[in-house]
Amino acid sequence: MTDEALLQYYRSSGDNHWLGVLLQRYTLLLLGVAMKYLKDKELAQDAVQYVFLRSLTHLPDGEIQNFKGWLYVLMRNHCLQQLRNKTYPKDETAFLHLADATTDKGELERHDYTLEQMSEELNKLETEQRECIILFYLKKKSYQDIMDETGFSFVQVKSYIQNGKRNLKLALQRKLDDKQ
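0 is the number of the first residue of the sequence shown in numbering that gives the first Met the number 0; add one for each residue after it.
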């Protein structure tokens, strides 16, 4: 039976069985899309459940030309929203992650030196920037948690984090250039 026929049966009878049969066809596709974005099996399974429920409660009254495409877009948008709602963006923490520790003694010494320099330069930042950087990157607090803890507005927290990160990065780069 085609997707269109199953959708028509569902709309004419109101029987969730027909929509269930239709959704069952795309369970693996939806799970694959969710895994691609969320990279976590449990979160992906939750996302599939969410899309199933959303389909049951918010199926558009108008004609859906491509049900598979509609489901895909619904899943993708849900996953992107989930990623946006995470407490911290991963790409902003990337510069704070140093290379994995290795058994090379020279590499470990450079790693220790860099951590010492980062700590030293962090202490030179303005108080507000330092406080927001520590809460956001080291204590993994969300913007909302930082706002609650410090009394700063969202705009201030964002500004202190961005400026503090930039100032810390520039200071570390200057130290590195001076050392060479």
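Ideal Cβ placement from N, Cα and C applies to all residues, glycine included.
- The closest CA to that of Glu115, considering only Asn76, Ala170, Thr126, is found on Ala170.
- With a cutoff of 7 Å on beta-carbon distance, Leu30 and Val20 are scored as not near each other.
- DSSP places Asn84 outside both helix and strand once states are collapsed to three, so it counts as coil.
- DSSP places Asp147 inside the alpha helix (DSSP H), whose first and last residues are 142-149.
- Secondary structure of Gln64 (DSSP, three-state): coil.
- By the 16-neighbour rule on beta-carbons within 10 angstroms, Lys164 is buried.
- Across the set Leu27, Leu137, Tyr136, the C-alpha of Leu27 shows the shortest separation from the C-alpha of Lys40.
- With fewer than 16 other Cβ atoms from the protein chains shown falling within 10 Å of its own Cβ, Phe153 counts as exposed.
- In chain order, Phe51, Ser54 place their CB closer than 7 Å to the CB of Leu22, counting only its own chain and leaving out the 5 sequence neighbours on each side.
- If one requires a minimum length of 4 residues, the alpha helix (DSSP H) runs lying completely within the segment 0-35 are 2-12, 15-24, in chain order.
- Annotated three-state conformation of Asp176 is helix, per DSSP.
- Taking C-beta atoms as the reference points, Tyr25 and Leu70 count as a pair closer than 7 Å.
- By the beta-carbon neighbour count (other beta carbons within 10 angstroms, threshold 16), Gln48 is exposed.
- In terms of Cα proximity to Cys78, the closest of Lys38, Leu58, Gln64, Gly68 is Lys38.
- For Gln80, the closest alpha carbon among the candidates Asn65, Phe66, Ala46 is that of Ala46.
- Counting the other CB atoms within 10 Å of its CB gives Met74 a total of 16 or more, which places it among the buried residues.
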